[in-house]
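Here the protein sequences line up with chains A and B, keeping their order.
Take 1 as the starting number for the first sequence in the UniProt record's numbering and just add one per residue.
Take 1 as the starting number for the second sequence in the UniProt record's numbering and just add one per residue.
Even glycine gets a Cβ: it sits at the ideal position worked out from N, Cα and C.
Written out below as structure tokens is the structure these notes cover.
Number of protein chains: 2
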Amino acid sequence: MKLYDLDVSGNCYKVRLFAALAGINLELEPVDVAAGEHKRSPLIDLNPWGQVPVLTDDDVVLRDSQAILVYLARQYGGNQWWPDGAAQQGEVMQWLSTAANEIHSGPNAARLIDKFGASLNKERALEVSTQALSLIEQHLGKHKWLALGRPTIADCAVYPYIAVGWEGGVTLEQYPAIEAWVERIKALPGYISMPGID
Amino acid sequence: MKLYDLDVSGNCYKVRLFAALAGINLELEPVDVAAGEHKRSPLIDLNPWGQVPVLTDDDVVLRDSQAILVYLARQYGGNQWWPDGAAQQGEVMQWLSTAANEIHSGPNAARLIDKFGASLNKERALEVSTQALSLIEQHLGKHKWLALGRPTIADCAVYPYIAVGWEGGVTLEQYPAIEAWVERIKALPGYISMPGID
Chain A
1 MKLYDLDVSG NCYKVRLFAA LAGINLELEP VDVAAGEHKR SPLIDLNPWG
51 QVPVLTDDDV VLRDSQAILV YLARQYGGNQ WWPDGAAQQG EVMQWLSTAA
101 NEIHSGPNAA RLIDKFGASL NKERALEVST QALSLIEQHL GKHKWLALGR
151 PTIADCAVYP YIAVGWEGGV TLEQYPAIEA WVERIKALPG YISMPGID
Chain B
1 MKLYDLDVSG NCYKVRLFAA LAGINLELEP VDVAAGEHKR SPLIDLNPWG
51 QVPVLTDDDV VLRDSQAILV YLARQYGGNQ WWPDGAAQQG EVMQWLSTAA
101 NEIHSGPNAA RLIDKFGASL NKERALEVST QALSLIEQHL GKHKWLALGR
151 PTIADCAVYP YIAVGWEGGV TLEQYPAIEA WVERIKALPG YISMPGID
């Protein structure tokens, strides 16, 4: 099983982190994104969207970090990370959407601008970040984990761009419940870090 | 089971459409979004994010249209709409992320600007729309449905804002495979429309 990977990508780190926590063995294949390797064959044939991560596992080929988390958890991770029941899947899924939407357009976009020079709207990225972090703070003030009262792929999907948000000017000083959740994640057995965290 | 609903919301329509296609009975509770009802009690207590749709089903309360689709399909819709297997869930999930990310920031944002006066960046919304629609066109040139070779919640999640995209200046003239897919969806048994389609 191979993960086409970029060390500084929070989307790739979502998958590396989950695999480490769940004890799933991944072969990492570094992609030279700076050289545009993800936009050319053979990678563009695996993922026409021209993005990392991409996962291949025998004949399974998946783009999108949330989709890869669902696949890995369902196939190898057990119900504790991605449950079987409808209400439980719905509860986790809310946060996978938050990762794909607000976390992507908020702290991820802010970091892309500051760290990689992306031509996106910084003011908008900070506005989305503040809205999302305020709501996540409110949620984590009442819950130890994002969903189901335990660590799930929801946490793996939302955590990375919050943890490296300071690289885009999105800091956690005003969000003590998020800071405490970050520490809880760092204390999980098997936890691994990424560049920009700590 | 109650859906807190707005007729002109594509996110609400995702849920109404899927329920109609799968024969699931929803009680619709219209929300006066213009009057800010979604930002006040009792709705803000059900969904602190202050958005519609919200689904309540006994003690299950869910925000986010993708999460509601997963819940309804898993609980009431059967495996044809949201499958049980890991690879299949991953395949559908890719498109639920596309709905939450590119479709949200692309055709949905463009329509919010033109139809509802949202202060978002139109140029950026059109750029994201063009990128996403080109890739979806490429995919649908080779596949009848977004995932699994059959209609799934992936189609229900991606379709609405593409179908009403013209309200934000995102038209389908250059995307014949998407247009054909739109017609296939409209021909599904039980299909219902929303304001702005046709």
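- Residues of chain B with a Cβ closer than 7 angstroms to the Cβ of L135 (chain A) are, in chain order, P48, W49.
- The segment 24 to 43 of chain B and the segment 174 to 183 of chain A do not touch, with fewer than 3 CB-CB distances between them shorter than 8 angstroms.
- Residue range 109 to 116 is occupied by the alpha helix (DSSP H) that includes L112 (chain B).
- The criterion of a C-beta distance shorter than 9 angstroms is satisfied by C156 (chain A) and L17 (chain A).
- Beta-bridge partners of R63 (chain A) (DSSP): A:V54.
- It is roughly 38 angstroms from the alpha-carbon of Y191 (chain B) to the alpha-carbon of C12 (chain A).
- By the Cβ rule, the segment 129 to 144 of chain B does not count as touching the segment 86 to 100 of chain A, because fewer than three pairs are nearer than 8 angstroms.
- Residue range 27 to 30 is occupied by the beta strand (DSSP E) that includes P30 (chain B).
- Put simply, of A:D198, A:I197, A:Q138, A:A34 the residue whose alpha carbon is nearest the alpha carbon of W49 (chain B) is A:Q138.
- One finds G90 in chain A with Cβ atoms closer than 8 angstroms to the Cβ of I68 (chain B), taken in chain order.
- What D64 (chain B) touches in chain A, judged by beta-carbon distance under 8 angstroms, is M93, Q94, S97, T98, going in chain order.
- Two segments are said to touch when three or more pairs of C-beta atoms, one from each, lie closer than 8 angstroms; by this definition the segment 145 to 164 of chain B touches the segment 67 to 84 of chain B.
- Among the residues facing chain B, V8 (chain A) is not included, as its CB has no counterpart in that chain under 9 angstroms away.
- At a C-beta separation below 8 angstroms, Q75 (chain A) has these neighbours in chain B: A86, A87.
- Between V15 (chain B) and V33 (chain B), the beta carbon gap of about 15 angstroms keeps them out of contact (Cβ cut-off 8 angstroms).
- In terms of CA proximity to D114 (chain A), A:G168 leads the group A:P42, A:G168, A:I136.
- Within chain A, no residue has its CB atom less than 8 angstroms from the CB of H38 (chain B), the nearest being about 14 angstroms off.
- Boundaries around L3 (chain A) are those of the beta strand (DSSP E), 2 to 5, since no alpha helix (DSSP H) includes it.
- Not a single CB atom of chain A sits nearer than 9 angstroms to the CB of Q80 (chain B).
- Counting only the Cα atoms, L69 (chain A) lies some 9 angstroms from A19 (chain A).
- In this model, G106 (chain A) and G90 (chain B) are separated by some 25 angstroms (Cα to Cα).
- Cβ contact annotation for A177 (chain B) (same chain, cutoff 6 angstroms, sequence separation greater than five): E137, L140, G141, in chain order.
- In this model, L146 (chain B) and E173 (chain A) are separated by some 42 angstroms (Cα to Cα).
- Among the CB atoms of chain B, none fall inside 9 angstroms of the CB of L140 (chain A).
- Within chain B, the residues placing a beta-carbon under 9 angstroms from that of V60 (chain A) are A86, A87, G90, E91, ordered along the chain.
- Where S129 (chain A) is concerned, the enclosing alpha helix (DSSP H) starts and stops at 122 to 140.
- Closest option to G196 (chain A), judged by alpha-carbon separation, among A:I162, A:A187, A:L188: A:I162.
- In the displayed model, T98 (chain B) falls within a helix according to three-state DSSP.
- Here DSSP, grouped into helix, strand and coil, assigns N47 (chain A) to coil.
- Residues of the segment 140 to 155 of chain B with a C-beta less than 9 angstroms from any C-beta of chain A: none at all.
- When the beta-carbon positions are compared, M93 (chain A) and A67 (chain B) come within less than 9 angstroms of each other.
- Rounded to whole angstroms, the gap between the alpha carbons of S193 (chain B) and G117 (chain A) is 42 angstroms.
- Judged by DSSP secondary structure, Y13 (chain B) falls within the alpha helix (DSSP H) whose first and last residues are 10 to 22.
- The Cβ-Cβ distance between P160 (chain B) and G10 (chain B) falls below 9 angstroms.
- Closest option to A154 (chain A), judged by alpha-carbon separation, among A:Y175, A:A109, A:G165, A:Q88: A:Q88.
- Your pair E29 (chain B) and L3 (chain B) checks out as a contact, with CB atoms roughly 7 angstroms apart and the cut at 8 angstroms.
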